[in-house]
Each structure stands twice: as C-alpha cells, then as structure tokens.
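Residue numbers (numbering that gives the first Met the number 0), protein chains in the order written: chain A, 0 to 424; chain B, 0 to 762; chain C, 0 to 110; chain D, 0 to 117; chain E, 0 to 198. In this text, a Cβ means the ideal position worked out from N, Cα and C, and glycines have one as well. One structure is given below, encoded as structure tokens.
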Amino acid sequence: MLHALPLAESLAETTTSLSGWLTGLFSGTAPEPGASSSAAGIIVASVLKATVIVLIVQIGMLYATWGERKIIGRMQDRLGPNRVGLFGLAQPFADMIKMLTKEDITPTAAHKWVYNLGAILVVPPAIIGFAVVALDRNLIAADLSIGALFFFAIGSTAVMPIFMAGWGSRNKYALLGAMRAVAQVVSYEIPQVLSIVGVLLLAGTLSMNGLIHSQGPIGDAFPGVWFILLQPIGFVIFLLATTAEIERTPFDIPEAESEIIAGYHTEYAGIKFGLFYLALYFVTISASAVGAILFLGGWQPPFAFLAGIPGWIWMTAKTLALVFVFMWLRGTLPRLRVDQLMAFAWKVLVPISLVNLMVTGLLAKLVAGRAPLMVFGAFTVANVAMVALLIWLVAGWRRFNAARQITFERPAVQAVGAALRRGAA
Amino acid sequence: MLDLAALAANAWLVPLFTALAFVIILVQIWTGRGGRGSAYTAIAGVAASGAYSVVLFLASLGGSAAELSRSPAMSRTMDWLPLGDGYLRFGILVDPLGAATAAMVGIACLMIFIYSSSYMGAEFERYTDPTSGEVDRALGRARYARFFAYVSLFATGMFGFVLASNLVQALLFWEIMGLCSFLLIGFWNFKPSAAQAAKKAFMTTRIGDMGLFIGIMMLFAFLGTTDYASLMRPESLARLQAIGPIDGWLSGMLGYEVYIPLGGVSVAALVALCLFGGSIGKSAQFPLHVWLPDAMEGPTPVSAMIHAATMVSAGVFLIARLYPVFASATVDHPDQISGAMYAVAAIGALTALLAATIGMAQYDIKRVLAFSTISQLGYMVMALGIGAYVAAVFHLLTHAFFKALLFLGSGSVIHGVEHGMHEGHSHGGGQDAGAGHHDRQSGIPGVAAADAHDPQDMRNMGGLAKRMPLTYVTFLAGTLALTGVPVFSGFWSKDEILSDAFHKMGDGHMIALVVWVLGTTAAFVTAFYMARQVFMVFAGPPSTDAAAHAPESAPAMVYPLVVLSVFAILLGLIGVPAAFPVLGPLLGGNPFHHYMGHLLSGGAFETHAFNALPALASVGAAATGWGLGYALYGRRPAAARSRDPLASVIGAPLFRLLNRKYYIDEIYDATFIRGSVAFAKLNAWFDRRAVDGAVNGASWLGSRGASVNGWIDSRIVDGTVTLVAMVSSELSRWMRWLQTGRVQQYLLLAFVGVLIFLAMNVL
Amino acid sequence: MEASIPLWWYLLVAAALFGTGLFGALSRRNAVGVLMGIELMLNGANINAVAFWRYIAVPSGAGLNGMDGQVFAIMVIALAAAEAAVGLALIISIYRNRQSVLVEDFSTMRG
Amino acid sequence: MGENWAFVAILTVIALTIPILGILAAMVLAPKRPGTIKNSTYECGLETVGDAWVQFKVQYYLYALIFVLFDVETVFLYPWAVAYQSLPLLALFEMIIFLLILGIGLVYAWRKGALEWI
Amino acid sequence: MMEMLAFGLVAGVAVGGAIGVVAARNVFVSALWLVLSFIGVAGIYAILGADFLAATQVLIYVGAISVLILFAVMLTHHVMGDERSNNRQAFLAFIVSSSVVAALGVLAYRTDWPIRPADAGGSVVTAMRGDLAGSSAASTAAQTGASTALTSTVDLALNQDSNVVRLGQALMTEHLLSFEIISLVLLVALIGAIVIARD
C-alpha cells in the first residue's frame, strides 16, 4: 500500500512533462472572451484533448486495478500480484491481453442489438464524466458552468446500459440482477446528489473551477475553507452513496458472486465483460476526482504557504487518496443484505442529507461573508451537534428494537426465558 | 282676559270631548254597564265641550273680535290626505260665526242631554223579553246607552262641522250628522214608520249632499283649494269670477271635454247653487223638506236637537260660512244681489210661506213644530238670499233656542199625556176600554181621525195649562218668541230680517219686495198656528181623560225648559238695532251686529237707519194671528168641536190640502219613486233579453271553435311530434358511432379540430 | 459561431417532434407506447419554450430577469416526470387486472 | 462556452469508439468456436426454465417511481442552492416548505412500506 | 457555421430518435429510441444556451423517466407475440399528425417573431453574456444586488456566466407560487402512484 503511493507519485511525474505540453494545448483553448478561434481549430484541439484524457484515464484505470489487488492483498495479509513484471506492475497489461483474447460468447437467445449495445454503452458515461474534472487552475477539459450537475447527469445515464445488459441477455438471473442493480444505483443517486447540494450552496456556483476557488486559501472567495471541514456529514454521505453507485463493496449486491451468478453481466464474456469492468474503474476514478474537487478543494493547497507546489499535484494526490479509501472499504467491510442496503439509502441517508442541507442553509445565511475561521467554527459546532443527535437517535432506535426483539419469539420460548430469569433472580 | 290665541289653538278639543264620551259609552255598552252611567258620560262630554266653546265665544267677544274676524285664529292644521302636490289640511277655524254657533250648540245640546236623560227613562221598561215575557231590563239599558252614544256622536259631528277649517272636513262632519240623524230617527226601529222615516230622511238629505259634494269638487277643481281661509281671500274669489260663464263645454275635467247643458250660467253662480243644494237637503228647504215632518218619529229630544237647533241650522250655517262665494256671484259691488242669491232668497221665501200654511192644518203637536222649523229656516235662507247676513245668523241663534224649548215642551206634554193614558187605564180599569174608546172623527173627509191612543195628537189634549203649569209657562214663552212678539228674542231677529228686506226693497230690489211680503204673511200665519196649538193643547177643558190625568214632568225635564226659556226671552236683547228708540242705545248699539258684521269681506258693513214701518207691520201681523187663533180655538173647548174651526173658515178642501201637505209626498212618490221602480224593471228586462242572449250566442260559437281546434290538433301537432322523435333517434344512432370508448380515437378527433384551427390560421 | 440559427428552425424541429409523438400516441396499441408518444410531445413543447426564451425579446420589466421560458420548461419536465410515474402506475395496475396492455381493451369504464 | 459543449460532444464520440475498438479487436484476436451448449443461456448449469422475461414484483417499479420524483426534487434544489446567497432569508423557508412537502411523500412511502425490499 | 452543423446533427438525433420510437416493433426497443431522442433534445438545449436545462433533461429524462418506462415495459410484458404495434387508425393518425406538423412549420416560418434585438450577431454565448450583463444590471436592481456583486468578485477566468443563478432567483421570487405548487404536484403524484401501483 505504502509504496503504491510513491508509485502513483512517479506516475504523476511522468505526466508533468506531458502536462506542460498539455497546458499549452489547454490554455490555447481557454475561453478568453472574444477569442474566436476557427471552428476547425476547436475540433482538432478537442480531439487532442479527448485522446489525452482517455489515455491518462486508461493507464490510471489499469494501475488502479493493480493497486487494488495489491492493497486488498496486503489487507488480507497476502502479497497480491508480484509475479508479472517488477512488483507485478505489468499485471494489468496481462489482464488486458487476457480480456482481448478470450472468446466472446453471445448467447443465441439474447436480443443481439440490445445485448451488444448494452456492453458498448457502459463505457461512454464513465469517460464523459472526466470532461468536467479540473486538474489545475486552467487545466480543465470543459469548464462548463454547470460542471457538477453535468457530472451527476452523466452518472445517472449509466443506469441505462445495465438495464440493456440485463434484458438483452435474456437470462432470468441477469434480468433479476439488472433490476436489483438499477434499484440500488437509482436509490443511492438521491443521497449522493442531496449531499453535495450543501456544498453548492456554500460555493454559490456549479462550475468546478468556481467550487475550487471558493474552497482554497488562493483567491478570496467566501468560505475559503475546504468543504469537508464545513460539510463532514455531506462528505460521508457522498462517499457511501458513491460506493453504492459504483457497486463496490459493501454495496456490491448486483454482481455478488455468492448470490445471482455474476449479476447483469452473467452472459457477457471476454472483452464485453472487460468493458463493464473497465467502466467500473473509470467511474471510481472520476467519482473520487469529483469528490476531491467538491470536498477537498481540488488543486487548492491546504494552507496558503504551500501554494508553491503546482495545483495538479494536489489534485492527483487527493484523488488517489479517495481511490485508496474505496479500496480500503472493499477490503474491510462485509456485504450488506439487499433490504438493509435499500432501507439504508432511503430511510437513513436521505433524511440525514435533507436535515444537513437545511442546517447548512440556515448557517450559510448566518455567517455570510464572515472570515474563513469564523465560518469553520460555526459549522463545526453545528456538525458536532448533528452527529450527537444522530448517535442519540440510533441508540434510542436500537434500545426500542431490543425491547421489541424479545416479544417476537414463540410463547413457549418466552415461558422458558421467564422461568430462567426467575430462577436467576 | 282669556288668551284667545291659546284657546283657539286648542279648539280641536271641543269635538274631541264628545267623541271621547261616545267611545266611553260604546265601551260601557260592550261591557254591559249601559244605563244611567252612559247618560252621565254623555252629559259630561257635552258639558265639557259646551263650556269650552262658551268660554271661547266669550273670549272672542272681547275687543279682539275685529281682528279675529279678519284673520281667524287658525289652530294647528294637520296634513290629513296627500293630494298630489299638497296635503288636504285638517284643522280648526275659529271666527265670530263659528264661535257663536258653537256656543249655541253647546248650550242647547247640554239642556237637551239633561232633558233626555230622564225623558228616555221609559226605555228601561219598554222592552219585554219575548221568551220569558217580563221586562228585559238589560236590553232596555243597552238601548238607553245606545241612544246617548248616538247623541254624543251627533254632538261631535255638529261641533266638528261648525269649527271645521276646510270644506272637505266640514263635509266629513256633515255626513256624521246625517248618519246620526238616520240612527236617531230610526231609534225605535221596531216601529216600521220610524224605520221608514229614517230611510226617507237619509235619502233626501243625500240628494242634497250630492249637490254639496259637486260644489266642493268644482271649487277644488277651479281654485285648487277647499280651505275656508284661502277660499275667502279676495284674489281666489276674483279668480272664480274670472272664469266666466260656461259655454257648455267644460274642459279640464280629467283632460277631456265635458258638455254641461247649462250654457250661460257663470261658474261662480253654478258653484254657489250646488252648495246651496246641500243646505236645501239638510235644512229641509222647499223641494227637499219632506223628510223633516216624518223625522218626528224619532224621540222628542232628538227632534229638538237635530231637527230644530243644530242639524237643520247647519245648512244655513254653510251658506253663511260660504256667503262670500254666494255674494261674489255678483259681478260688481257686494251690495248687489247676485243671481245665485236671487234663487236662495226665492226658495227661502217660498219655503217659509209654504211650511207655515201647512203647519196650520196639522193635528200632531210635533209636526206643527216641524213645519214651523221649516218655515223659520226659510226665513234664514231668505235673509241670506237678500244679503241680510247678520240678521240671518242672529235669527239662526235665537230660533235654535226657542224652537228647542218648544220641542222639549211638546215632549214634556206628550210625556204627560202618555202618563195620563196609563193612569187612565189603570185607574179607570177597563172603563173606557171598549165602548168609551172612540176615535174622534176629524169631520173632514181625507183628514185622519184622532187616534185615541196617540199621545201626540193635539185633539186628545186640552186644558193642560193647569195640569202642567211649568211646561205651559215655558211653552208659552217659546211661542211668544217664535211668533215675534216684541221684547222676546224672536221679534228682534225676525224683525231684523224683515227690516233689512224692507230696506233692500227701498234700494229697488224686486226680490226684496217679494221677501218682505211673503215674510210678513208667513209671520201672520206662524202666529196663527202657534196660537192654535197653544190653545188646543193648554187652554179649555181636557178633551180626554189622558189629558185630564197628565202629570207635570219630572224636574230633570222641566229645568232645562226653564233655562231655555230664559235664553228665548233674553237672547234677542244683544241684537237690538242701535237706532231702536228706547232700547237701542241702552243695550250698547247692537253689539251682535258689530261682532258679526266684520266677517264680511267688505268690512265696513254699514247699518241703515231704523225704520219703524217694517217693525210695526210685523207686530201687527203677529197680533192679528194671535187674535184669529184665540177667536177660533181659544173660546170653545176643542173636545166639543166635531170639526176643526179652521176648516169651517177656509173651507174643507183647502184645509184637506193643507193637512195633506199639498200632497207633495204623494207627488214625489208618483214621480220619482214609481219612476225609478219602473226604470229598474226595464233594466231587468233588458238584462235578461240582451245579455243572456249574447252569452248563449258566445257559448255556441265557443263549441264550434273547439271542434275545429280538435281537428287541427290531431292532424298537425301529432304529426310534428312523431317527426321530431324520428329525427332525434336517427341522429343518436349516427352519434353512437362516435362514442367508441377508445381514447386514441378521441385524441384523434381532438387533433383534427386543432388541425382545422391551424389551417384557418395558416391559410 | 457566425451565423446564428433562425428561430423557426427550432420551431420546426419542435413541431416535428410533436408530430411524431402525436402519431405515436394515436397509433400505438401498447399503452406504454402511447405514453412514450406523449413524452415526445411534451419535449416538443419544451423546445418551443426554451427557443422562445432564447429568442423572443422579453418585454422590459415583465419578468424579473426574463427566465420565464426556462422556468416553464423545468416545470414541464417535472410535470412530465409526475405524469409518467402516475400513468405507468395506472398501466401496471390495469395490466394486473386485465392481463393486457393494449389500449383497445381499455374502452369500457366498468369492471 | 460553445467550445466546451463541442469538446463534450467530441469526447462522447471518442468514448463510444473505444469499446467498439475493443470489441473489434476482440473479434479479431479472440477465437470463435460457437457451440450450442456454450451459447445457451447460463443458468448455473441447469436447463433454462420458462421465458427470461418473467413477471416481476411491483417493488422494483416503486423504487424507480420514488427515485423519479425525488430526482425532480433535486433538480429544483440546484438553482436554489446556487442562487441562495443572493436571495433573502425567505428563500430558505421557501425551500424548507418545499422539502417538507416532499418529506411528507417520503414518510408516506415509508409508512406504506413502499421502501421495503420484499 | 459550426454551430449550424452542430444544430443539424443534434436535431437529426432528436427527430431520428422520435421516428425510431414510432417505428420500432418492440416496445422495449422503442423505449431505447426514446432515450436517444431525449439525448438529442438535451443537445438542442445545449445549443440554445440553456445549459442547466440540458443537464436537467439528461438527468431526469434519460436517468429517471426512461428507467421508469423500461420498468413499466418489463412489468407489463406479456408473451412475446406482439403482432401489430399500430392500431387500425394508424394511417388516419399519420395524415393528421403530418398535417399538424406541416401547419405548425408554416406558421413558425411565416409569423415574424419579435426577435430579441441583442441577438444581432455573434455566437449564442456572446449574446448570452452581453444580455446577461446588460439585463441583469438593469433589471435585477436591488433585489439581486448581491448576485451581480457575486459574479464580479469571481475572476473572469472562471466561466461564471451560467444562467442557473438567474434561474434560481426567478424560481425563488417571481415564480415562487409555481415552485411550491410543483412540490404539491409531485407529492400527489407520489402518493397516487404508490396507492395505484401497490397491489
């Protein structure tokens, strides 16, 4: 796990040179007012940018798989891939080759078009998400004025391929798996979105750069504090909801091996299965990137004096940290039962996020325009209070359940229980 | 001194007291407590209003008489009837004429009420309960109280009429008096003759009232007002004059032309005559006098009050009140006698003489007095006709007193004779029951025999002077006053009239000559029949037992007689002409003249020099009358005579003529009554033939129409109904195709509509 | 970026969408198909709204900041969502009772 | 502004090409020996029973339903959040009312058991 | 020029999708075409400059409603035998709808819409920014003073001229009533659907 980090760092270095070149390219496209570069120029620049993004993401994804297996391995006190290449670094490439070369079996009963399209359409949403990820001050692919919203909109389109896969493969279990997966993804999208509204409220804008600006010491935007400090609860909910969106443990019911074969991609083999796998990792990375932007202040250094280090380093570090968290979760938490999973989304996360949102709204008005420290103080107080309230509620709920539990057993057992107690007393 | 204005302002209390009494008596009757109580209530009522009016009269006598006459103290007037643009006002007008007459009415009525409280005593025993046979006292009490209720109402009517400020209001009270006279004449309604007389009285006065009513309406139509005050104003009178003669077509009556075939008569004269018609009816002047003698059927106090003192004089009062209207009929100077006044004077004179002559040949004591009243009223009207305004009013007042006195006297005589008859029967047992009872034949064919049981027939009387001394004395005083014996009130007032006539004769007025001549002969005849009456009733031996046993009346009846006799004697003194040799200056130069004279619009009412001739002439006439009366009736007792001495003098046929009142009743009966009956029969026939015929015809037509209708209905209407049914069923079948229930089809149709709409827009 | 797109293009596209949606709604036998048609029609209307927001001059002072068109579109989207939800729920419950989802079979109100 | 959207469009195009390239590559590289058994739908080795599109419980639909309505709610939250600081305090209460009303919906679904996973 | 091209592309996608919905035999497939059409419409919004609306369109229509529709299709899917997808009145419907389209098109073309003057030239974006600055300064006046302050503070590097802020203000102030009512509508829809759907 540790050395994985420097590895990420080294990876980052190689990209700096690339980034230098890239920034020139990107800045070229910075939308100065009035700069009306020719249409052709735009297209070419866009294509170049897109390919660069895809490459980075692809490599990132490969080494993410590698990283994950190394980390999970370490967590489970085993080594993880170290045979292929130095420290198993070549392992991802080996996997990729395997994917490409395995036979791609298409069940005859499957609805040909929908089956194939499902596999294909899984990837684009994952990739398009990266358009709004802001690496550095001007290093953003498409600085949309509604960046955050765009990301979640694209996220929500990921549901469609799952359904197509499930239905297309004409397999009862696949369809059932798809239905479950969709239900889960859909259910967790609401808390995810609700959790970040608090952030938007404080930042007052949807565009990624705007968000980052309002968080860091650089630039004198309003809160000037990382939103994670102001919105800890929001961050936690966002994290949980995103893990569910990505169908990673502990919310990985859809392709839970132990239950319904492989979920919606049971009928998929070879590269199509690879595509699903690839899309998953893409989303993980993009989600953690957005998470970093929303809560950890993107390319903003934690403290003013650290402004020297270039922004994108901060950005990559924070993203990798979040990715590590996801892997960490996978390594440690057991899988949730389906009904608990669904109940958790609607009955716990949504209410909490709503309450958090209201409190944030109220506080935003109270401390509007104050100094970052004051803002931070007020919010921590509120958050601590909310957490305390939550704990008290949960405790109360557990006691209530405990009392109810006894009454459920059959009368005979109760009689024996009562006798025992009498004896004991 | 008494504050005249305050008194006048509250003068509306006068009619109110008696009205209150009337209501209280009604309550008493209703609660069953009639009897004496009601009498006392009535007396109290009339006493109150009488006292008030006397005080009012005395107050007006004071110096302010002059301006009182000019600007009568109009008391509060109340808006009574909304009349288009204004209101008909209901109020009280106090002027010398009104005040004096009210006082007279007050005093007279008071005496009569007291008198009748005992006279009507007989009512209690009169009624017997048909079932149980014994006397029905409750009914008696109720009838007694009923009498006093009517009388109080009558007093209210009279007071109201006298003090009325408005012609319509006067008409109202005038009608009340008419009603009361009808009720009182027919008081003993179980007597058919009384009922008949009441109806007759009411009908005849009604005819007169029609004239009055038309007169009032014309006044209102032309002058727009009926208030005395505004009527009397010179400019309204001038306006009346200006209207000029009616050329037959009278426009303005409800917007369309009315042709009145009275070409040539000026409107003013026409109005005056109409109003005079009313007084002819009420004061029983010539054409409409027939009801007064029959009105004697009522109880004597009634006759005394209504048919002597008050009601009948109301007609004269009306002419006096509206004198300017009559006088203005003359175009130029008020002194002239206008056409209207000519008519008035003529009728007055004629009535005076006619009534007097009939009076001579009557046997019923009250009828004689009735005819005497008619003739005296004729005197007043005659006086007004020739412009002797003050004399007429003066005679009105004096006549009221002595005529009331005479009537009450006759009442007491009748009362006495009745008692005499009862005692006669009771003492004598059946003595003259059968054989003795014989009707004294009149000896003159056509003249009714004296009914032995009729207490009013003078032939059953005689020699009552000794039996009823007080009644005799008072009756004698009344007779002397009536016949114009000097010193007595009658002389002053009647002489006043005759002297004015004489004076006017001097001015060359032909009518004045007629008036004077007829007046003087009437005076002679009056003296004669009064003397005849006195002698038949009081002088000589009693011709029947009843007369022999007639006791003096009760004190309650006699005392009023005494009071009235005092008035009869002394009242004349206030009107002694200033120029009268001895008494004139002594009595303050004719104060009555000054008091009443100012009422005339002319104001400066000149008094002409006293001329002895007319006075002497009238005294002479009176004396000869008395002498003749004594000669024929005084010496020999009436009982012995088989025939009326007068008949032997003037001959049976003439006597019968007079006795039968010139057969006027029969003439009326033949002409009007039978005529209207015939007309009614004709009407009935016409109705039966023409109207029924038309109705039957219509019904036949109806049935034919119905059948045609039936045919149409069956053909056409049913046809259309089936057609409609068929069309709607067709339509519904076609519509069913549309109602498929498929949503998409509806949507399709909807968008077809949209399409059409778009097409309209686009193309 | 030079020539801006004339307004009526948008209106034309919207009309096209609306028309196809209408055809779908009218001709589809499957109730869900009808619903899809309706969704298309709604989208057509939305395009119109946004196009008008974008092109039509906002009378001064009318809207606070002239965002009426967009608000209109958002409301329509929200309504379409609600409508789809309820509509499909209806269809499902009818399907459970009638075992058929063809519009023709829903012609009678009873039973 | 336009460039961004152009970039997004182009990125989607490229994103689409990648899986297609992958599949094409697989077609080229991977062996293709279709076999009836191999191509049959995999049902833990058992014979497939009945049709794949079997009836499902309404439960799934309910989740989607609630999701749609709450998704619309979130859409309305965005503009509010963004414009929040420029709006008076009243905006907070307006939003609280909005959320409460929809909260009622959530509570109703909760009580009625629409959220339970059968 | 590029803009026209983009518009043509996107419009083609939208209308093509719509035609796909109508033409598809299988309901499931037509649902997928519907999704494509939704994406096309989102594109049109993007070109029109309504970026928030484009994202909303994607988020709700593609993300939520299509899922709903697919669920519904799944739940009501009877035996495969779906012979005829169109009913008898298809032809008549075609005529009516095509003529409606034609009429609307002509109407659109012929009426002279009161085009906003600020839109003289330049890309949609510049127009947007110009009018944003102009109108927002003029019309927002006191009420949204803070918002203009807000945009001015953030340095220009950021692409801050999104109209989401103005939309938020409009929703919260001018169209507050519809905002609250839409929450009621959603509530009612939720409860109604649950009651109906739950067997």
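Practice task
Spatial neighbours of C/V100 within its chain, please: CB distance less than 8 Å, with the 5 preceding and 5 following residues excluded, ordered by chain position.
Solution key: N29, A30, V31, I90, I93 and Y94
Problem - Nearest neighbour of E/V26, chosen from E/A188, E/A71, E/A49 and E/L58 [CA to CA] - result: E/A71
Practice task
Measuring only between beta-carbons, confirm whether E/V61 sits less than 8 Å from chain A.
Solution key: Chain A contact via Cβ: present.
Handout entry: Inter-residue spacing [alpha-carbon to alpha-carbon] between A/A363 and D/T73
Key = The alpha-carbon separation between A/A363 and D/T73 amounts to approximately 19 Å.
Handout entry: Cβ of C/E82 within 8 Å of any chain B Cβ
Key = no
Problem - Secondary structure of B/W79, DSSP reduced to three states - result: strand
Problem - A/A109 vs A/G59 beta-carbon contact at 8 Å - result: no
Problem - As assigned by DSSP and simplified to three states, the class of B/V93 - result: strand
Practice task
Can you grab the Cα-Cα spacing for the pair A/A182 / A/F162, in whole Å?
Solution key: 10 Å
Exercise for the section: Starting from the C-beta of A/S285, find all residues in its chain whose C-beta is less than 6 Å away, skip the five residues before and the five after it, and write them out in chain order. Expected result: Excluding positions up to five away in sequence, the list reads G128 and F129.
Practice task
Under 7 Å Cβ to Cβ from A/V83, same chain only, skipping five residues before and after it: list those, please.
Solution key: A89, Q90 and A93
Problem - Straight-line Cα distance separating B/D668 from B/D686 - result: Cα-Cα distance, rounded: 26 Å.
Practice task
List the residues that DSSP assigns as beta-bridge partners of B/H134.
Solution key: The amino acid at residue 134 of chain B is misidentified as His; the sequence shows Val. B/T127.
Exercise for the section: Please report the residue range of the alpha helix (DSSP H) in which A/I236 lies. Expected result: P231 to E244
Exercise for the section: May I ask which residues mark the beginning and end of the alpha helix (DSSP H) holding B/I175? Expected result: L166 to I184
Practice task
Report the rounded CA-to-CA distance for B/A351 versus B/Y378, giving the unit in angstroms.
Solution key: If you take the alpha carbons of B/A351 and B/Y378, they lie about 6 Å apart.
Practice task
Report the rounded CA-to-CA distance for B/T127 versus B/Y341, giving the unit in angstroms.
Solution key: 55 Å
Handout entry: Under 9 Å by beta carbon: chain C residues contacting B/R741
Key = V102, E103, F105 and S106
Exercise for the section: Measure from the C-beta of A/K346 to each C-beta in chain D and report whether the shortest distance is under 8 Å. Expected result: yes
Exercise for the section: Report yes or no: do the stretch 560-579 of chain B and the stretch 461-476 of chain B share at least 3 C-beta pairs separated by less than 8 Å? Expected result: yes
Practice task
Please state if the CB of B/L368 and the CB of B/L405 are separated by a distance shorter than 8 Å.
Solution key: yes
Handout entry: Members of the stretch 89-109 of chain D near chain A, C-beta cut-off 8 Å
Key = The residues in question are L91, M94, I95, L98, G102, L105, A108 and W109.
Exercise for the section: Would you mind telling me which residues of chain D sit closer than 9 Å to C/I91, beta carbon to beta carbon, in chain order? Expected result: V57 and Y60
Practice task
Flag B/L737 as yes if its beta-carbon sits less than 8 Å from any beta-carbon of chain E, otherwise no.
Solution key: no
Practice task
Please confirm if the stretch 188-206 of chain A is in contact with the stretch 321-332 of chain A, defined as three or more CB-CB distances below 8 Å between the two stretches.
Solution key: no
Problem - 7 Å Cβ shell around B/A621 - same chain, five flanking residues per side excluded - result: T482, G483, V484, A522 and A526
Exercise for the section: Taking all protein chains shown into account, decide if B/S411 is buried (16 or more other Cβ within 10 angstroms of its Cβ) or exposed. Expected result: buried
Handout entry: D/R110: first and last residue of the uninterrupted alpha helix (DSSP H) it sits in
Key = Run containing D/R110: L89 to K111, per the alpha helix (DSSP H) assignment.
Exercise for the section: Would you kindly work out how many angstroms separate the C-alpha atoms of E/T55 and B/M725, rounded to a whole number? Expected result: 60 Å
Exercise for the section: Could you work out which residue in A/P124, A/S206 and A/G66 is closest to A/P160 when comparing CA atoms only? Expected result: Checked all of A/P124, A/S206 and A/G66; the closest Cα to A/P160 is A/P124.
Problem - Member of A/G197, A/A291, A/S352 and A/F399 whose CA lies at the smallest distance from the CA of A/I312 - result: A/A291
Handout entry: Start-to-end residues for the alpha helix (DSSP H) that takes in C/N96
Key = Its alpha helix (DSSP H) spans residues D67 to R97.
Handout entry: Residue nearest to E/G167 in terms of C-alpha spacing, selected from D/L99, D/V81, D/L88 and D/Y107
Key = D/V81
Problem - Given 8 Å, three or more beta-carbon pairs between the stretch 754-762 of chain B and the stretch 9-29 of chain C - result: Counting Cβ pairs under 8 Å, fewer than three are found: no touch.
Handout entry: alpha helix (DSSP H) runs contained entirely in the stretch 6-54 of chain C, provided each spans 4 or more residues
Key = 6-26 and 30-54
Practice task
Going by DSSP, name the residue or residues bridged to B/S116.
Solution key: Beta-bridge pairing links B/S116 to no other residue.
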